[in-house]
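Trainee: Here you go, one structure.
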Ligand SMILES: NC(=O)c1ccc[n+]([C@@H]2O[C@H](COP(=O)([O-])OP(=O)(O)OC[C@H]3O[C@@H](n4cnc5c(N)ncnc54)[C@H](O)[C@@H]3O)[C@@H](O)[C@H]2O)c1
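Here's what the structure looks like:
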């Protein structure tokens with residue numbers, strides 16, 4: 631309902647089903663006659679993927695295969711896929727990451743995303759009428775600017791923005807920062823935070839490109855700018871008008887100093903450029919948090 635409200639259109643129809651349920655997914659495609667599929671469903675916690683790898687491959691790879699098979703039997707030939715920067719060997723270098731950078735996911739989540747990409751590319755190679763847009767997200771963040779739609783993680787968030795948001799809302803006491811001795815300007819990890827409304831525009835641009843070009847693409851989606859944990863924490867303080875306390879904790883295994891994307895291909899292939907900055911990300915997140923926790927005072 632809130633998607634409809636935010637978009638000023640009738641709310642989209644929702645069918646709840648598991649992507650591994652062949653019958654349900656096949657029936658849905660048969661009934662709906664889709665022009666294209668945007669495939670977001672998946673499991674995404676790096677730490678969970680280490681303790682429950684089989685489940686991650688089952689959903690992220692097996693579930694995708696079910697979707698492809700249902701598309702095949704129902705004449706749907708275009709798919710936009712949520713991939714991730716975790717497919718890259720993030721330890722390999724410090725500069726902007728291009729799409730032809732070496733692969734090297736160091737956890738089952740990233741491995742499942744890379745396998746999913748390979749399944750999609752094999753399908754595309756086997757059937758010339760297929761076109762697939764593989765979008766490698768960097769760090770999606772923020773909420774819809776209306777404050778109507780945002781994220782509400784059930785478990786302690788793995789991602790920075792929802793964690794900071796919970797501290798700002800008084801749900802957590804402090805932000806734990808994993809290391810302040812990285813080789814970055816202020817010693818905290820640097821990442822590329824892309825506003826979810828920019829990310830959404832990237833998906834529409836991907837779909838347009840599939841229609842226009844008749845073939846697929848693999849594209850990074852990010853801003854091309856790296857921000858440190860402390861940069862984001864201060865930007866959030868500015869947005870919410872309150873202090874975000876923090877504590878420096880030991881580094882997390884598998885983390886890297888810096889990761890941000892090269893945006894050239896997104897510009898060339900999709901005509902895509904991120905428009906929103908970290909202030910817009912934090913302001914939209916804070917608006918959503920106040921919707922989520924109405925008891926939180928404005929500042
Ligand atoms: N958020 C990020 O930082 C990030 C970064 C890169 C890529 N991605 C990818 O983007 C996609 C969306 O991520 P998100 O942040 O919105 O995650 P999310 O966890 O908020 O959303 C994923 C959705 O998939 C659904 N899902 C999981 N297993 C399913 C199954 N078997 N059948 C049907 N639905 C199932 C979940 O219920 C959830 O609604 C994922 O594929 C994720 O891997 C996310």
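Residue numbers (my numbering): 631 to 929. Just so you know, even glycine gets a beta-carbon here, dropped at the ideal spot from N, CA and C.
Give the single residue among 761, 774, 877 and 834 whose Cα lies nearest to the Cα of residue 912.
Mentor: For this step, residue 912 is matched to residue 282 along the chain shown. For the residues 761, 774, 877 and 834, the minimum Cα distance to residue 912 belongs to 774.
Trainee: Do residue 878 and residue 588 count as a contact pair if the criterion is CB distance below 8 Å?
Mentor: The displayed coordinates of the chain run from 631 to 929. Any statement about residue 588 would go beyond what the structure contains.
Trainee: The alpha helix (DSSP H) with residue 702 in it runs from where to where?
Mentor: Along the chain shown, read from residue 1 onward, the residue named residue 702 stands at position 72. Start and end: 693 to 703.
Trainee: Verify the contact flag: residue 967, CB atom, against every heavy atom of ligand 1, threshold strictly below 7 Å.
Mentor: Residue 967 is absent from the structure shown; the chain starts at 631 and stops at 929.
Trainee: Measuring CA to CA, which of 892, 865 and 720 is closest to residue 848?
Mentor: Stepping through the chain shown from its first residue, residue 848 is reached at position 218. Closest option to residue 848, Cα to Cα, is 892.
Trainee: From residue 796 to residue 763, what distance separates their C-alpha atoms?
Mentor: The sequence position of residue 796 within the chain shown is 166, counting from 1. The sequence position of residue 763 within the chain shown is 133, counting from 1. Their backbone Cα atoms lie some 34 Å apart in a straight line.
Trainee: Compute the Euclidean distance between the alpha carbons of residue 687 and residue 736, then round it to the nearest angstrom.
Mentor: Position 57 of the chain shown, counted from the first residue, corresponds to residue 687. Position 106 of the chain shown, counted from the first residue, corresponds to residue 736. Looking at the two C-alpha atoms, the distance is approximately 14 Å.
Trainee: Check this for me: beta carbons of residue 636 and residue 778, under 8 Å apart or not?
Mentor: Stepping through the chain shown from its first residue, residue 636 is reached at position 6. Stepping through the chain shown from its first residue, residue 778 is reached at position 148. Taking 8 Å as the Cβ cut-off, residue 636 and residue 778 qualify as a contacting pair.
Trainee: Of all the options 707, 746 and 656, which has the alpha carbon lying nearest to the alpha carbon of residue 670?
Mentor: Here residue 670 is taken as the residue at index 40 of the chain shown, counted from 1. Per the Cα distances, 746.
Trainee: Beta-carbon of residue 858 versus every beta-carbon of chain D: anything under 8 Å?
Mentor: No chain D appears in the structure shown, which is made up of a single protein chain.
Trainee: Cα-Cα, which of 831, 666, 811 and 871 is closest to residue 858?
Mentor: As a position in the chain shown, residue 858 is number 228, starting the count at 1. The residue with the shortest Cα to Cα distance from residue 858 is 811.
Trainee: Per DSSP, residue 668 forms a beta bridge with which residues?
Mentor: As a first step, residue 668 must be located in the chain shown, where it is residue number 38. The partner list for residue 668 (beta bridge, DSSP) reads 710.
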